[in-house]
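Heads up, the thing below is written out as structure tokens.
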Amino acid sequence: MPARRIGIDVVPLSRVRELVAQDAEPALRRLLSSAELLSSSTPDGPDLPGIAGRLAAKEAVFKLFHVGGQPVPWLSTEVLKSDGGWPVVRLTGRAARLAREAGLGEIEISITHDDAYAIAVAVSAAD
């Protein structure tokens, strides 16, 4: 039976509020893909809990790779919504390579948030 890997991360919504308050466009474009930015927009402005949840999920997925001292592959790790509305991970480029090198199978994620924090958990089988 393959081993399981679990990654978890928490992002304070205050951190996302600061990003948005400081003209977040350049910073968010380095952290979120175009598809993620579109999913994180509402008619009233940025979806702060949604952004925080995506950032936490990307960090949780990165922890599955077991690579220290490397930057998170922000744009090649996408957290999108399935047709049913639950979060799914799409890896491309460097993130996909790191996942292959780690022997990871399909990655499942769960995201939750409340007034102050977003938390994400990522799980995958590893060879």
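Note that this note's numbering has the sequence shown beginning at -1, numbered continuously upward.
All residues carry an ideal CB built from backbone N, CA and C; glycine is no exception.
S31 and A1 have their C-alpha atoms roughly 31 Å apart. G103 carries a strand assignment under DSSP once its states are collapsed to helix, strand and coil. Contact annotation: the segment 34 to 42 does not touch the segment 87 to 98, with fewer than three C-beta pairs closer than 8 Å. In the three-state DSSP reduction, P10 falls in the strand class (E or B). Of the candidates A116, R15, G43, A116 places its Cα closest to the Cα of A54.
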